[in-house]
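Novice: This is the structure I want to talk about, given as structure tokens.
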């Protein structure tokens, strides 16, 4: 079982009477791309928020490597090497792209409680920020102020920032949302490339992209895990077809 | 000329005017300038919170006033206390007070932060205002200026207005460069991130509460430094120094000058003080029946504040920037 | 402390709490619905007290003076919202705070020009004079009971207004979703003007009804403002229920603090606030 990097055990989150995540037990394997799909309101984003520490669970536990991280705040989870991108663009709008990534990269520099040394002299941070920009294809935009960029580019910046923190495990919440076809293809390629040396947990609605990158799929419905398996197993599953994929086919 | 060059030109000119101050100023104005520079340090320390970290503290005067009281307490009536002793005591006291108030306040944000800092500062006000051992509402006298020297040797005589002026001037420059350094350091990047998007800053791996607490302590200590200089130069401290009206005025200075620039806060301090001085000066020249108006500076200050908020929300520095932009365009046209 | 003294202190604490609630409810209502923090709230309280003193000089009757004062303050609140506050809804809290701070300076100075810096007292009306005998040598003033009863009635009225009336529904809709209210054809700017006017009137009314038991003096506005802040912070900002519970807690804490810990009387309410914040940083009924 040592190849399991992250697992949730009976994880649940209650909002009033609603169980947004309902006793989810999921194993995420090292180096895999594990995609979580499900209809809107299935609790996918809530699950990511629990994993990243943005929300505290009502019950259940989360384990990362050999450590329980259930109640850790987002900053500590980030420092453990779990990076995340947000569904709703969550950047520093008045900073340039480079500055956005700079702050991300600086977080891996040990404590930033340093008052007298110029930040610009931290060469490693410079390297991290450049690398993040390059991987996300934003090098040419390094000095553009984030708020002046297109929505798709801001989404790319979101990923660039995450990469500048040099995480092992990536939590990607609908990275393709709101992107044009061309940008989406680029980002799908990027995810594919990142999957070579990262573990990725991905939420995505674009089924072409999902099946292009997924090693394992988990289907969530109404907060609960319906089924987990390989893309082939999920495609073949009756339960999944009824609950989810069937509807999707009907739409086409 | 680019905007930046014009701004730098203005700043250097401003520093030169200040540096030569005692050479051309009458005593009255030398003292007024001392007061303005102290207010400038105070306002810069608040700009660190409001303009750079996005923390609107409405209780900043608490540290300014506390510093004066601490200086009064460590200065006996009969002899001066060396600045090497009184200044560290005052700064440490303010840092501790800021740590305690900050510890409660930084767990909240927005409007809550405003109200809590205000409430705690008023707690200090009521404490000093009602404590008769500390002079009650009259405040305390500091009969001896801090001694800058060792034993009998006096390095600077602070009873001399010119010496005092240069001490405060040096304090102003030191505060400015200290804040600049901090803002350019890794710490400064993080607090700017907190202002722009605290949630994201936290998600990137920074414990934002700790950073906010530390910046609150730095700002509080620097406000204490300003309060120390104020009390040392005026020789008196009263509860008014830590009243929330004083906190309101210093927020006003930061906005008026333009927040997030540091020097804007200093400009704000100069503009408002000179306006007030001119106003009182003008009232004295008015016919007798209007002489009562000198007591009503607050009325005009209030109207002035409302007009600034409605018409120049980004402060005087933004006006300068606009002017220099216009000049730059003209230059380009040539 | 014997039982009757204790009882009197409890009554005093509640009476002070009720008055605080009236002031704080206006503050929290204006914030909850309009997102504006009104620093001048205390100044309106003071203005209410001065108006009462001034109008009694003409009418000779507290109730008529209060009635006249309410009319003046409601109009004044409406005008201030239209002429100044309404330009700031899209701005930073900082600017709103500063603008209302400017209002304080103006109101304080106008008060000095009109009424000077003397302390005034307002007589308790004859029908409400006297007290209820508690023990042989202790009695409880009827006027204080009157204040409590009036405040309770107003609290109930406020509850009904917000929860049961069309205006209340519009107010709640405006608070929760500005765009939707506009789409439904609710004139949000009118609602805001009314709410601000209501908030100002509540503050002023508290100053009016409280004037016979406290004197009327220049600094009374900022004193009550800060205590109201503490109430709102304790109760949870924007929550009228929280303002009520917070007001009772602070009213009792202040009353008993003064009796039991006279040396620290000025600090007790802040200590209570600190304790509540340690436990719930968002206040008792505040939303996270």
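Protein chains in written order, with the working numbering: chain Y, 1 to 252; chain A, 1001 to 1334; chain H, 2001 to 2288. For every residue, glycine included, the Cβ atom is placed at its ideal position computed from N, Cα and C.
Looking only at its chain, what residues have a beta carbon closer than 8 Å to the beta carbon of residue 2269/H, apart from the 5 residues adjacent to it on each side?
Specialist: Position 269 of the third chain, counted from the start, is the residue given in the question as residue 2269/H. Cβ neighbours of residue 2269/H beyond the five flanking positions: 2227, 2230, 2250, 2253, 2254 and 2257.
Novice: With distances taken from CA atoms, which of 2088/H, 2157/H, 2221/H and 2015/H is nearest residue 1312/A?
Specialist: On the second chain, position 312 is the one that residue 1312/A refers to. Nearest option by C-alpha distance: 2088/H.
Novice: Helix, strand or coil for residue 1/Y, going by three-state DSSP, please let me know.
Specialist: Taking the first chain and counting its residues from 1, the one referred to as residue 1/Y is at position 1. Note that residue 1/Y has pLDDT 45, beneath the 50 cutoff, so the model's placement of it is unreliable and no number is given.
Novice: Between which two residues does the alpha helix (DSSP H) harbouring residue 34/Y extend?
Specialist: As a working mapping, residue 34/Y is identified with position 34 in the first chain. Careful: residue 34/Y lies outside any alpha helix (DSSP H), inside the beta strand (DSSP E) at 33-37.
Novice: In whole angstroms, what is the alpha-carbon distance linking residue 2234/H and residue 2283/H?
Specialist: Numbered from its first residue, the third chain carries residue 2234/H at position 234. Numbered from its first residue, the third chain carries residue 2283/H at position 283. About 5 Å.
Novice: Would you say residue 1002/A reaches chain Y, if we count a Cβ-Cβ gap shorter than 9 Å as a contact?
Specialist: Position 2 of the second chain, counted from the start, is the residue given in the question as residue 1002/A. No - not a single Cβ of chain Y is within 9 Å of the one on residue 1002/A.
Novice: Determine, for residue 2270/H, whether the minimum Cβ-Cβ distance to residues of chain A falls below 9 Å.
Specialist: Working through the third chain from its first residue, we reach residue 2270/H at position 270. For residue 2270/H, the answer is yes, since a Cβ of chain A falls inside 9 Å of its Cβ.
Novice: Between which residues of its own chain and residue 2018/H is the CB-CB distance below 6 Å, once the five residues before and five after are set aside?
Specialist: Taking the third chain and counting its residues from 1, one reaches residue 2018/H at position 18. Here the set comprises 2148 and 2151.
Novice: Identify the continuous alpha helix (DSSP H) that holds residue 29/Y and give its terminal residues.
Specialist: If you number the first chain from 1, residue 29/Y lands on position 29. Run containing residue 29/Y: none in the alpha helix (DSSP H); it sits in the beta strand (DSSP E), 18-29.
Novice: Can the beta-carbon of residue 2141/H be found less than 9 Å from the beta-carbon of residue 2062/H?
Specialist: Taking the third chain and counting its residues from 1, the one referred to as residue 2141/H is at position 141. Taking the third chain and counting its residues from 1, the one referred to as residue 2062/H is at position 62. No.
Novice: Find the nearest neighbour of residue 2002/H within the set 2135/H, 2244/H, 2158/H and 2042/H, judged by alpha-carbon distance.
Specialist: Position 2 of the third chain, counting from 1, holds the residue named residue 2002/H. Among 2135/H, 2244/H, 2158/H and 2042/H, the Cα nearest to that of residue 2002/H belongs to 2135/H.
Novice: From what residue to what residue does the beta strand (DSSP E) around residue 271/Y run?
Specialist: One cannot answer for residue 271/Y here, as it falls past the ends of chain Y, which runs 1 to 252.
Novice: In the DSSP output, what is residue 2141/H paired with across the bridge?
Specialist: Position 141 of the third chain, counting from 1, holds the residue named residue 2141/H. DSSP lists 2131/H as partners of residue 2141/H.
Novice: Identify which residue in 1181/A, 1003/A and 1055/A has its Cα closest to the Cα of residue 120/Y.
Specialist: Along the first chain, read from residue 1 onward, the residue named residue 120/Y stands at position 120. For residue 120/Y, the nearest C-alpha among the options comes from 1181/A.
Novice: Count the other C-beta atoms from every protein chain shown that fall within 10 angstroms of the C-beta of residue 1176/A, then say buried if there are 16 or more, exposed otherwise.
Specialist: Counting from 1 along the second chain, the entry for residue 1176/A is found at position 176. Classification of residue 1176/A: buried, given that the 10 Å Cβ count is 16 or more.
Novice: With respect to the alpha helix (DSSP H) encompassing residue 1246/A, which residues constitute its N-terminal and C-terminal limits?
Specialist: In the second chain, residue 1246/A corresponds to position 246, counting from 1. Counting along the chain, the alpha helix (DSSP H) containing residue 1246/A begins and ends at 1244-1257.
Novice: What residue range is occupied by the uninterrupted alpha helix (DSSP H) comprising residue 2037/H?
Specialist: Position 37 of the third chain, counted from the start, is the residue given in the question as residue 2037/H. Residue 2037/H -> no alpha helix (DSSP H), and no H or E assigned at all.
Novice: At the level of alpha carbons, what is the spacing between residue 1233/A and residue 2264/H?
Specialist: As a first step, residue 1233/A must be located in the second chain, where it is residue number 233. As a first step, residue 2264/H must be located in the third chain, where it is residue number 264. So the two alpha carbons sit approximately 32 Å from each other.
Novice: Check distances from the C-beta atoms of the stretch 123-136 of chain Y to those of chain A and list, in chain order, the residues that come in under 8 Å.
Specialist: Under the 8 Å Cβ criterion, the stretch 123-136 of chain Y contributes no residue.
Novice: Could you work out which residue in 2215/H, 2196/H and 2285/H is closest to residue 2077/H when comparing CA atoms only?
Specialist: Translated into the one-based positions of the third chain, residue 2077/H becomes position 77. It is 2196/H whose Cα lies nearest to the Cα of residue 2077/H.
Novice: Label residue 996/A either buried or exposed according to how many other C-beta atoms from any shown protein chain fall within 10 Å of its C-beta, with 16 as the threshold for buried.
Specialist: Since the first and last residues shown for chain A are 1001 and 1334, residue 996/A lies out of range.
Novice: Return the residue from the list 1209/A, 1260/A and 1167/A that minimises the CA-CA distance to residue 1034/A.
Specialist: Numbered from 1 along the second chain, position 34 holds the residue referred to as residue 1034/A. Ranking the options by Cα distance to residue 1034/A, first place goes to 1167/A.
Novice: Among the residues of its own chain, which have a CB less than 7 Å from the CB of residue 155/Y, if the five just before and after it don't count?
Specialist: Within the first chain, numbered from 1, the residue matching residue 155/Y stands at position 155. Same-chain partners within the cutoff: 89, 175, 178 and 179.
Novice: Looking only at its own chain, which residues have a Cβ that is under 7 Å from the Cβ of residue 85/Y, when we skip the five neighbours before and after it?
Specialist: Taking the first residue of the first chain as 1, we reach residue 85/Y at position 85. Counting only Cβ-Cβ distances below 7 Å, and skipping sequence neighbours, we find 158, 159, 162, 172, 173 and 175.
Novice: Answer yes or no: does any C-beta atom of chain A fall closer than 9 Å to that of residue 252/Y?
Specialist: Numbered from its first residue, the first chain carries residue 252/Y at position 252. For residue 252/Y, the predicted model reports a pLDDT of 38, less than 50, meaning its position is unreliable; a value from the coordinates is still stated below. Judged by the 9 Å Cβ criterion, residue 252/Y is not in contact with chain A.
Novice: Exposed or buried, residue 217/Y, counting other C-beta atoms within 10 Å across all chains shown (16 or more means buried)?
Specialist: Residue mapping note: residue 217/Y aligns to position 217 of the first chain, counting from 1. So residue 217/Y ends up on the buried side.
Novice: Residue 1169/A to residue 2075/H, Cα distance in whole Å?
Specialist: Taking the second chain and counting its residues from 1, one reaches residue 1169/A at position 169. Taking the third chain and counting its residues from 1, one reaches residue 2075/H at position 75. Straight-line Cα distance between these residues: approximately 50 Å.
Novice: At least one CB of chain Y closer than 9 Å to the CB of residue 1051/A: is that the case?
Specialist: Here residue 1051/A refers to the residue found at position 51 when the second chain is read from its first residue. So, not an interface residue.
Novice: Give the residues from the stretch 48-76 of chain Y that approach chain A closer than 9 Å (Cβ to any Cβ), ordered along the chain.
Specialist: The residues in question are 52, 53, 54, 73, 74, 75 and 76.
Novice: Can you look up residue 1029/A in the DSSP assignment and give me helix, strand or coil?
Specialist: Sequence index remark: in the second chain, residue 1029/A carries index 29 (1-based). Helix.
Novice: Whole angstroms is fine: what's the gap from residue 251/Y's alpha carbon to residue 220/Y's?
Specialist: Working through the first chain from its first residue, we reach residue 251/Y at position 251. Working through the first chain from its first residue, we reach residue 220/Y at position 220. Because the pLDDT at residue 251/Y is just 42, under 50, the model does not fix this residue reliably, and the point stays unresolved.
Novice: Grab me the residues of residue 2221/H's own chain with a C-beta within less than 6 Å of its C-beta, minus the 5 sequence neighbours each way, in chain order.
Specialist: Locating residue 2221/H in the third chain gives position 221, where the first residue counts as 1. So the qualifying residues of the chain are 2042, 2043, 2045 and 2046.
Novice: To the nearest angstrom, how far is the alpha carbon of residue 2036/H from that of residue 2028/H?
Specialist: If you number the third chain from 1, residue 2036/H lands on position 36. If you number the third chain from 1, residue 2028/H lands on position 28. Each residue's Cα considered, the two are about 9 Å apart.
Novice: Please list, in chain order, the chain Y residues whose beta carbon lies closer than 7 Å to that of residue 1200/A.
Specialist: Within the second chain, numbered from 1, the residue matching residue 1200/A stands at position 200. Those are 90, 91 and 92, listed as they occur along chain Y.
Novice: Could you check whether residue 2267/H and residue 1126/A sit closer than 9 Å to each other, using their CB atoms as the reference points?
Specialist: If you number the second chain from 1, residue 1126/A lands on position 126. If you number the third chain from 1, residue 2267/H lands on position 267. Going by C-beta atoms, residue 1126/A is nearer than 9 Å to residue 2267/H.
Novice: Within 9 Å (strictly less), CB to CB, does residue 2009/H reach chain A?
Specialist: Walking along the third chain from the start, residue 2009/H turns up at place 9. No, because no Cβ of chain A sits closer than 9 Å to the Cβ of residue 2009/H.
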